[in-house]
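Below you'll find the structure, written out as structure tokens, and then a few comments.
Chains as they are written, first to last, in the working numbering: chain F, -10 to 562; chain D, 148 to 310.
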């Protein structure tokens, strides 16, 4: 019989889950675990410079691979530093397991050095959490944590590990846990067949149908099914910020992102539709605008794995609880069975209206002679130079919206951003996680001079692990989105929305051992980007100075319906 | 509208804090709360009363159901049910009042469980409105201390909340 310490049991259990890479930072309470990692050498550990980044790295890793991202942090500040990262993952339903060290059991509750009630602190932002009391529980707890994190509506699961539990002096037998059976946790997969039939009938009766697809399609690996359904139904499809790429942005039936900064045609089509098929989307406030005025004529079919997402903000007429993958599969089968097909005439005239809206060309922007470069030009050039193939992560703000609007994503898991929590500082570490997962892919972080400084210390981690990320810093010398709102709603009183004393980013990244480039003129941009992406094995930071006065449009009018939008500084719907 | 939600959950540390936390996190109210292990010691039965419109209650039950440790729950107020609450109340009982209070306790089918020359301690079981009515009847001036257990409830007939 092989006897193992808690630390070894932990590593062995992670191996059993197929974990190859984890992200963390050592400290007193997790030293036994770090020693086990050192001795086993089976799991590659990435040492960050701040634990928040470890959580975002694990998150980025999970978003691009669909596998559970793993974080390891010590008790107290180490653990609390991960909170923003955990909350980010929670809001976007990302599977993650966080191993947080804890002071030894006999000190818990005594305000010991580096003690925090991590279970309490994390409770509102985790799917579930475990406190390990004895080392022999470790294999089963790990197994359950991974199962919970990566089934149903996915999310982060935290495991609190008091130091005594991993003590190398206490040895236990490793028993491979069996299949997880939990009487109180049985996520639904199959949607109700009657509801699916009803939904299909409703869609076929529709004169002005639209598909509204969300992050659930990406998380549920259902992109191919979605594409099939869209083709079969022939109707327009729009996507949430989180769902971009599940249906290719260049696809014929794609009418762009919807919502606060969605396209004119997407929002108009939603508002005027008679049937909305929501697939793995949650009618978030950034989508619906005023719920009382939301799509007045539409019958709403809502597919979601989380029953609590259904009829939370907008009442569903036909709710279908189930995994997007299973429900779409069943829906396609049902569509085959039904004889009366789509009303082609009605669909044709519906597309006629949609095309009229598209004529508006709502994403066009003007660049006057002698004016500074526009942020939109940066994203368009990026898309061109990378052929629309790069994995793109973003931070939060104007650059995020420009990236979502102008980069033409082709596939799911290609666009990584913090849509739910809106976490500045997410872009660089999530790009690092993506690059770790796919060392040979081009990974780009589109950021701004505000966001990048929230986790810029990770440039050091990037050097240590030779992560050749390309950072596109859209530098408008201000907190652009805040400034935009102040321009529009606060009579241009720019309260703390500008960044004075910006560092010389080129020098800064050079100090970190990377390549820095500065671009001031659009004329130089494409060549500079070509040069940047040619440096395959280096991290390159492009500091690109753009017009600080540009706004993101379209923008929905607060309190209005989806059709109510500001289209430019001078035009409204 | 007042609702009684009865929950069967894993009897594990932290489970209760998740339920209570969910209410404060999402801005729901808990009016009363009572919890204890069932005959099966691995399970606890928690009963709480809350209020809200149809939509809010639907969200509350869905969010509660999402908690990993919640095995099953029922909104008792949706169907026929029995609800009971226990109250211990300390009353001033001197002079003529003493006999009057004794009579009121009898009418409400309460029991006097502790006596001093100046006090009665009364135990009363019933639905919440009965307990309210008792307090009103003896009059606030007599009431020195009130302890209420919160509502417990069970479905009528063969309706059961079990695994």
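The beta-carbon is built from N, C-alpha and C at its ideal position, and this holds for glycine as well.
As the structure is a prediction and not an experimental result, all values here were calculated from the model.
So, using beta-carbon positions, are residue i and residue j closer together than 8 Å?
| i | j | result |
| --- | --- | --- |
| residue 423(F) | residue 380(F) | yes |
| residue 388(F) | residue 215(D) | no |
| residue 173(F) | residue 288(D) | no |
| residue 498(F) | residue 530(F) | yes |
| residue 299(F) | residue 264(F) | no |
| residue 304(F) | residue 284(F) | no |
| residue 439(F) | residue 468(F) | yes |
| residue 225(F) | residue 195(F) | no |
| residue -2(F) | residue 163(F) | yes |
| residue 431(F) | residue 38(F) | no |
| residue 205(F) | residue 230(F) | no |
| residue 85(F) | residue 421(F) | no |
| residue 41(F) | residue 311(F) | no |
| residue 214(F) | residue 324(F) | no |
| residue 153(D) | residue 223(D) | yes |
| residue 370(F) | residue 433(F) | no |
| residue 191(F) | residue 72(F) | no |
| residue 348(F) | residue 435(F) | no |
| residue 291(D) | residue 238(D) | yes |
| residue 428(F) | residue 49(F) | no |
| residue 194(D) | residue 300(D) | yes |
| residue 209(F) | residue 314(F) | yes |
| residue 602(F) | residue 503(F) | Outside the displayed range of chain F (-10 to 562) lies residue 602(F), so it cannot be described from this structure. |
Can you name the start and end residues of the beta strand (DSSP E) that residue i belongs to?
| i | result |
| --- | --- |
| residue 13(F) | 10 to 14 |
| residue 33(F) | 33 to 36 |
| residue 88(F) | 85 to 91 |
| residue 462(F) | 459 to 464 |
| residue 563(F) | Within the shown structure, residues of chain F are numbered from -10 to 562, placing residue 563(F) beyond reach of any answer. |
| residue 149(F) | 145 to 151 |
| residue 258(D) | 258 to 262 |
| residue 565(F) | Here chain F covers residues -10 to 562 and nothing more, so residue 565(F) does not appear. |
| residue 239(D) | 228 to 239 |
Is residue i near the ligand MG - that is, is its Cβ less than 7 Å away from at least one heavy atom of it?
| i | result |
| --- | --- |
| residue 180(F) | The model depicted lacks the ligand MG and carries no ligand whatsoever. |
By the criterion of Cβ-Cβ separation under 9 Å, what are the contact partners of residue i in chain F?
| i | result |
| --- | --- |
| residue 270(D) | In chain order: nothing, as chain F lies at least about 35 Å away. |
| residue 164(D) | 108, 109, 112 |
| residue 203(D) | Those within 9 Å of residue 203(D) in chain F number zero; the least Cβ separation is about 11 Å. |
What in chain D is Cβ-close to residue i, meaning under 7 Å?
| i | result |
| --- | --- |
| residue 117(F) | 215 |
Can you say whether residue i is buried or exposed, counting buried as having 16 or more other CB atoms within 10 angstroms of its CB?
| i | result |
| --- | --- |
| residue 36(F) | exposed |
| residue 152(F) | buried |
| residue 188(D) | exposed |
| residue 470(F) | buried |
| residue 472(F) | buried |
| residue 56(F) | buried |
| residue 31(F) | exposed |
| residue 202(F) | buried |
| residue 459(F) | buried |
| residue 112(F) | buried |
| residue 330(F) | exposed |
| residue 390(F) | buried |
| residue 480(F) | exposed |
On the premise that residue j lies in contact with residue i, defined as a C-beta separation below 8 Å, what is that separation, rounded to the nearest angstrom?
| i | j | result |
| --- | --- | --- |
| residue 535(F) | residue 361(F) | 6 Å |
| residue 280(F) | residue 302(F) | 5 Å |
| residue 234(F) | residue 401(F) | 5 Å |
| residue 60(F) | residue 76(F) | Wrong, their Cβ atoms sit about 13 Å apart, outside the cutoff. |
| residue 169(F) | residue 244(F) | Not really, about 42 Å apart at Cβ, beyond 8 Å. |
| residue 269(D) | residue 252(D) | 5 Å |
| residue 297(F) | residue 209(D) | 4 Å |
| residue 180(F) | residue 87(F) | About 31 Å; that fails the 8 Å criterion. |
| residue 2(F) | residue 132(F) | 7 Å |
| residue 155(D) | residue 192(D) | 6 Å |
Hey, quick one: how far does the alpha helix (DSSP H) through residue i stretch, first residue to last?
| i | result |
| --- | --- |
| residue 27(F) | 20 to 29 |
| residue 496(F) | 494 to 500 |
| residue 45(F) | 40 to 54 |
| residue 155(F) | Looking at the DSSP string, residue 155(F) is not in any alpha helix (DSSP H), and its letter there is neither H nor E. |
| residue 530(F) | That residue, residue 530(F), is in no alpha helix (DSSP H); its beta strand (DSSP E) goes 529 to 534. |
| residue 398(F) | Premise fails: residue 398(F) is in no alpha helix (DSSP H) and is neither H nor E. |
Residues of chain F with CB under 8 Å from residue i, in chain order?
| i | result |
| --- | --- |
| residue 184(D) | Correct list: empty, because the minimum Cβ distance to chain F is about 15 Å. |
Taking Cβ-Cβ distances shorter than 8 Å, what residues in chain D pair up with residue i?
| i | result |
| --- | --- |
| residue 179(F) | The premise fails here: residue 179(F) is roughly 18 Å from chain D at the closest Cβ pair, so nothing lies under 8 Å. |
Starting from residue i, find everything on chain F with Cβ-Cβ shorter than 7 Å and list it in chain order.
| i | result |
| --- | --- |
| residue 218(D) | 172, 173 |
| residue 168(D) | 112, 113 |
| residue 209(D) | 296, 297 |
Which residues in chain D sit within 9 Å of residue i, going by Cβ to Cβ distance?
| i | result |
| --- | --- |
| residue 212(F) | Here the premise fails: no neighbours, minimum Cβ distance about 26 Å. |
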